[in-house]
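Enquirer:
Number of protein chains: 2
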Amino acid sequence: MPSGKRGRFPIGTPVLDAARSLGVYVESVCGGRATCGRCQVSVQEGNFAKHKIVSSLDHISVKGPKEDRYERVRGLPEGRRLSCSATVQGDLVIDVPQDTVINAQVVRKAATDRVIERNPAVQLCYVEVEEPDMHKPLGDLDRLKAALEKEWGWKDLLVVPHLIPQIQKILRTRLPDQPEVSEGKWGVTAVVHRDTESARPFIVALYPGLKNEAYGIACDIGSTTIAMHLVSLLSGRIAASSGAANPQIRFGEDLMSRVSYVMMNPDGREAMTKAVREAVNELIGKVCAEGNVNREDIFDSVFVCNPIMHHLFLGIDPTELGQAPFALAVSGALQFWAHEIGIEVSRGARLYMLPCIAGHVGADAAGATLSEGPHRQDRMMLLVDVGTNAEIVLGNKERVVAASSPTGPAFEGAEISSGQRAAPGAIERVRIDPVTLEPKYRVIGVDKWSDEPGFEEAAKLTGVTGICGSAIIEVVAEMYLSGIISEDGVVDGSLAERSPRIVQNGRTFSYLLRDGEPRITVTQNDVRAIQLAKAALYAGVKLLMEKQGIDHVHTIRFAGAFGSFIDPKYAMVLGLIPDCDLSEVKAVGNAAGTGALMALLNRDHRREIEQTVRKIEKIETALEPHFQQLFVNAMALPNKVDPFPKLAAAVPLPPRKADDAGATPGEASPRRRSREERAARRARS
Amino acid sequence: MPSGKRGRFPIGTPVLDAARSLGVYVESVCGGRATCGRCQVSVQEGNFAKHKIVSSLDHISVKGPKEDRYERVRGLPEGRRLSCSATVQGDLVIDVPQDTVINAQVVRKAATDRVIERNPAVQLCYVEVEEPDMHKPLGDLDRLKAALEKEWGWKDLLVVPHLIPQIQKILRTRLPDQPEVSEGKWGVTAVVHRDTESARPFIVALYPGLKNEAYGIACDIGSTTIAMHLVSLLSGRIAASSGAANPQIRFGEDLMSRVSYVMMNPDGREAMTKAVREAVNELIGKVCAEGNVNREDIFDSVFVCNPIMHHLFLGIDPTELGQAPFALAVSGALQFWAHEIGIEVSRGARLYMLPCIAGHVGADAAGATLSEGPHRQDRMMLLVDVGTNAEIVLGNKERVVAASSPTGPAFEGAEISSGQRAAPGAIERVRIDPVTLEPKYRVIGVDKWSDEPGFEEAAKLTGVTGICGSAIIEVVAEMYLSGIISEDGVVDGSLAERSPRIVQNGRTFSYLLRDGEPRITVTQNDVRAIQLAKAALYAGVKLLMEKQGIDHVHTIRFAGAFGSFIDPKYAMVLGLIPDCDLSEVKAVGNAAGTGALMALLNRDHRREIEQTVRKIEKIETALEPHFQQLFVNAMALPNKVDPFPKLAAAVPLPPRKADDAGATPGEASPRRRSREERAARRARS
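Heads up: the protein sequence lines correspond to chains A and B, in order. Taking our numbering, the leading residue of the first sequence gets 1, the next gets one more, and so forth. Taking our numbering, the leading residue of the second sequence gets 686, the next gets one more, and so forth.
1) Can you round the beta-carbon distance between residue 1215 of chain B and residue 1152 of chain B to whole angstroms, since I take them to be within the 8 Å contact cut?
2) Check the Cβ of residue 606 of chain A against every Cβ in chain B and list those closer than 7 Å, keeping chain order.
3) Can you tell me the Cα-Cα spacing of residue 209 of chain A and residue 998 of chain B, whole angstroms?
4) Measure the Cβ-Cβ separation of residue 877 of chain B and residue 810 of chain B and say whether it is below 8 Å.
5) Determine the chain B residues that contact residue 331 of chain A at a beta-carbon separation under 7 Å, and present them in chain order.
6) Using the beta-carbon count (16 or more within 10 Å), is residue 264 of chain A buried or exposed?
7) Considering residue 508 of chain A, what are the terminal residues of the beta strand (DSSP E) in which it resides?
8) Return yes when at least one heavy atom of the ligand ATP lies under 7 Å from the C-beta of residue 1284 of chain B, else no.
9) Which residues, in chain order, does the region 308-333 of chain A contribute to contact with chain B at a C-beta distance below 7 Å?
10) Between residue 1173 of chain B and chain A, is the shortest Cβ-Cβ distance under 8 Å, so that the two count as touching?
11) If I measure Cβ to Cβ from residue 1312 of chain B and keep anything under 7 Å in the same chain, skipping five residues before and after, which residues do I get?
12) Going by Cα to Cα distance, which pick from A/590, A/166 and A/360 is closest to residue 391 of chain A?
13) Using a cut-off of 8 Å between C-beta atoms, extract the partners of residue 1246 of chain B located in chain A.
14) Quick check: is the beta carbon of residue 1300 of chain B nearer than 8 Å to any beta carbon in chain A?
15) So that I know if they touch, is there some Cβ in chain A lying closer than 8 Å to that of residue 1232 of chain B?
16) Strictly by DSSP, which residues pair up with residue 772 of chain B?
17) Identify which residue in B/917, B/933 and B/1177 has its Cα closest to the Cα of residue 926 of chain B.
18) Assign residue 747 of chain B to buried or exposed, taking buried as 16 or more other Cβ atoms, counted over all protein chains shown, within 10 Å of its Cβ.
19) Quick check on this structure: which residue in A/326, A/1 and A/373 has the alpha carbon closest to the alpha carbon of residue 45 of chain A?
20) From what residue to what residue does the beta strand (DSSP E) around residue 710 of chain B run?
21) Determine the closest residue to residue 552 of chain A out of A/645, A/588 and A/568, with distance taken between C-alpha atoms.
22) Taking C-alpha atoms, which residue in A/505, A/36 and A/427 lies nearest to residue 179 of chain A?
23) Does any residue of chain B bring its CB to less than 8 Å from the CB of residue 434 of chain A?
24) Among the candidates A/87, A/5, A/66 and A/30, whose CA atom is the shortest distance from the CA of residue 12 of chain A?
25) Under 8 Å Cβ to Cβ from residue 343 of chain A, same chain only, skipping five residues before and after it: list those, please.
26) Within 8 Å of any Cβ in chain A, is that where the Cβ of residue 1091 of chain B sits?
27) What is the DSSP secondary structure of residue 1073 of chain B, reduced to helix, strand or coil?
28) Let's see if you can read the secondary structure: which residues bound the alpha helix (DSSP H) around residue 428 of chain A?
29) Could you please give me the residues that DSSP links to residue 1124 of chain B through a beta bridge?
30) Is it the case that the Cβ atoms of residue 822 of chain B and residue 768 of chain B are separated by a distance below 8 Å?
31) Evaluate contact between the region 1133-1142 of chain B and the region 1084-1096 of chain B, counting only Cβ atoms and requiring at least three cross-stretch pairs below 8 Å.
32) For residue 607 of chain A, which residues does DSSP report across the bridge?
33) Looking at chain B, is there any beta carbon in it that lies within less than 8 Å of the beta carbon of residue 539 of chain A?
34) Over what stretch of residues does the beta strand (DSSP E) that includes residue 912 of chain B continue unbroken?
35) Compare the C-beta of residue 255 of chain A with all C-beta atoms of chain B and state if any pair is closer than 8 Å.
36) Could you list which residues in chain B have their beta carbon closer than 7 Å to that of residue 23 of chain A, in chain order?
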């Protein structure tokens, strides 16, 4: 467990050998000498009737002298055994501890923990190397290789060149506390990387005696934030997780302004590459400090990024991505030595970059795909990651399609009159009473709802300064649910008679959320901006659904920073995503980062995502003549054009108005028309 | 031809395809577009009765429009055809030009030219790459790889990371004179290296349009001299060959003094590594200037060195090689990117280092082995490379053994009273009249023998300053042949009555070679020094002959600078080497460098020498109890202990003295005895 794999073995088989012959990865550094303690397992006791197994501590061998010594010297937790020493003596259910648990909701919260089965690219291998012998004048390195082949089965081992001058000295170093070594031999630990671009494994580092820890980093470089996990490659334990701002922001807030910066400045690309690499190195320092880890002990790294970050991080000019045909310089997965692009970890560390799916659907989308696994589903899964572009993946085991849709920055709070970044003082939750039309809201940094006693007192520290991205979705959705806006998105001015919250604003009306300093309103233009953004997303989803020939999806996953803060229900009420059973809609946080972590801890996941990305059908919305019509239709809120029966069953949607169904929304306003045309042009370009 | 391979092909088969299907390497860069001209061949006309072939120009297709155009634009030498365009129309004998011819005697002299069949690790591949397409969002690199797979059959291509940021721009560069490219495609030339440590081929460089030249260097780093060939990898033409002094000489004249320097100076190893790498880079500059080649066009390099140079060049501390058990840090062949050790050629160039055979038998000996090929012989070949250590390889197809013997520096002119380096003014040839005992000699830089009229006049420019290494062998051998010294090496003082050339010198006698300023004599001590050196070499050879269970060898090859200047006959008269048919004894010059060149031009030779070295049985003379006795016996000149019948048939050796045969030579002299003991100790240590 947890793999569930089963097999029959002769009495006396070491549990480690049994696990390996079943293809279950159990770590071992010392090679069965009972000194590293990495191969710990525990026995589940009980009568597993379903499997006709009675598992008992009597069915495993008693501790022998080696295991006893390990327990005496290093200690062994209650119930744990060293699987290299403990042997099978009867039916057994064995637990292999998998310390990496990934929470799908928010990292490090235990609600929906997921276990990543480990099979890392890096292995630590303790060996005894023959001392030199004039009769057999093999070199030190050559005898080391021979020992690694004999004890660990590594064939055709390569070695990183910078290590060659150090091997002599490392082999001849004696540490006071190292394991006992046979006569005429030297004990060393080789760090072997078996997922290099070569078909052959590499010795990437070498240590005297027993080296018993190795780390890796998984990193998601976003346009605004860089997120990183530091993980033990030997236990899967997450030693630290942290984030930092992407310093490229000083060259341009969003991706396209960074591409422009490169086009305008001869050394712009170089400056941004330098900035992001420095930030990554600083963040490595930060997670190492948090996790109390030496950065020299990091031997592997996995990166995901959107296409423009991908190019800038790798030192590639992103200009081509700013214009049709949006040609990626490289789309396939990449790997090389981390030092080759200046990443400051062990000199022998590798860097793996997940493949990009298309010019607007990057390695981050590939990471999210790996994490959520539409390609592993029996039923149709929709995966959306919303940013300036929405990256959309839709599929199941049979077929996966992907596209990007130009949502623009409205969801991030830009182009919204009272919009602001998610920071203390920002409104993050909103409810509107459908009868009184009175709102209540929560503010980041304040512990109470606005209608609770003491709220104003508590809010004095932060102020109430604006609406953050997730709350904009919520307030517009609540305005729709309470009848303040119609399916067309028009604020109903007639309600001004019923409620002072509806205020006239030139030729249109606004909803007054808070009358203070500042005055926070949701204007007709704000609603339009959200409609345009959601229309782009929804049109992309509908296009992919058409490609798949389906009219509903089974599950929906909202990935990304935006997705982790909005309530999926409100996203559906606004029609960002299609109708779906609400229980099947989940925000999954930084799924791209989780995908990077999976690729770090299990190299099989690298092959999985490489194959998946090759098979994904890429749809370019700009080339689809039908996309513009889908976009215009998608301006309406649910039930206007598309009925949302599952949503309607859970949330009382306003009654569907039959009279103007199918009409292009907003025909009355020439200004709105011109905005829609601009948006459609943007979608086409 | 010259491979001699034959086959039957359908009428109309392009000659290039026919050659390839026979496993004959014919270069082609443009991939059959008739633009690069690299695939030229010519038809041999005539009736090859032995092979039942009538070859005629009628049996090859007439030139088509593509070949015509090439001839018009670039010119085609008389009789040459483009094998990608010319097709088989009947029986044909085809010549594939192999421009590399290696002279075994002295490089670039045409007497015993040898052809190295080419199969280089580097290939230039012109391809047409699809322009980007929004419907198929594959990256530029990924489409390049697809084109290289489609047109050239390269699978699983890798790319050097530093190239990734440049690919976009290279693909989009249009050159004015590049070949015509199909609509919607880009024409580029990829440099593919297929002998990396990876099992997968690497794209190491990329050029817009047709790139039609690539070079490699083969380099032998000796203790005193660094020798280098610059060769076209596409034609095999040697563009330049040159040499330079090893600047490490300032840290110590010989190898052991350099090891001492490392032991005494904390930064000694680093300083010597830096010095030799700088010298290699300067020498690359020199051969590039001579050959009019851009150093950026060098994509491959092969190095051979003795073990200590090998370690210092690679940045490895050589201290272990100065003491038992003489442990090499690495013995196997190595390869990595040339820039990783600071070699200034193309950033994508590789470096291949031949394997070392043992702690005193280096990659240079492996190079000489590859060049002369004892492992390819039906009959027993002895290969000796004489320096401070003599490296000895003996074997045939069945079995090869190797050892090193501590000859000391006498052969290089050190420890010799009138010894000097081979430079103008040094005596390089000596003859002694057996009747008058009068010498004649030749001096480097002087065109006449010393007994010819005008010699003294001509010698005024250089002076006559001493005896160089090769002439020391010759003068001692001539002294033996003329009876001045006995089989024991004693200068016969009784001859002083007959000739004023025999002069007393304390308790011993000397031979006066030239009575001038300086006075040049060969003293009894000089003879002893040569005897000790030759005894070490001969004892090593005898030891290996014993291991092989043979009492004579069929062929002898003298490699190295020393070997290329001495006359093999005199080496045998002195008994440096065992008795052998004189016509089967050859000096082969820098065979190590020739081996490096072979490994550069044909990667099959790399596998050949790796396998051979693994199989060679390494004999450590210091561990052989019998070696000391062999050494003492070997002090005598031929016919004293070992009869040399084949030599005696060609050269009238002095009659064998039966009286003291078998006695330990020189029992009379306590001083000599102690020198022998010192030498034996040195051999043991």
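Glycine is no exception: its CB is placed at the ideal position from the N, C-alpha and C atoms.
Expert: Let me lay it out:
1) Incorrect: roughly 11 Å between the Cβ atoms, too far for contact.
2) Those do not exist, as residue 606 of chain A stays about 15 Å from chain B at its closest Cβ, beyond 7 Å.
3) 29 Å
4) yes
5) 822, 823, 824 and 827
6) exposed
7) 508-514
8) The ligand ATP is not among the ligands present in this structure, which contains no ligands whatsoever.
9) 314, 315, 316, 317, 320, 324, 325, 326, 327, 328, 329, 330, 331 and 332
10) no
11) 1224, 1228, 1306 and 1368
12) A/360
13) Correct list: empty, because the minimum Cβ distance to chain A is about 25 Å.
14) no
15) no
16) B/699
17) B/917
18) exposed
19) A/1
20) Unbroken run through residue 710 of chain B: none, as it is neither H nor E.
21) A/645
22) A/36
23) no
24) A/87
25) 277, 280, 281, 284, 301, 349 and 351
26) no
27) coil
28) Run containing residue 428 of chain A: none in the alpha helix (DSSP H); it sits in the beta strand (DSSP E), 426-432.
29) B/1117
30) no
31) no
32) Residue 607 of chain A is not bridged to any residue.
33) no
34) 910-917
35) no
36) Simply none; closest approach about 24 Å.
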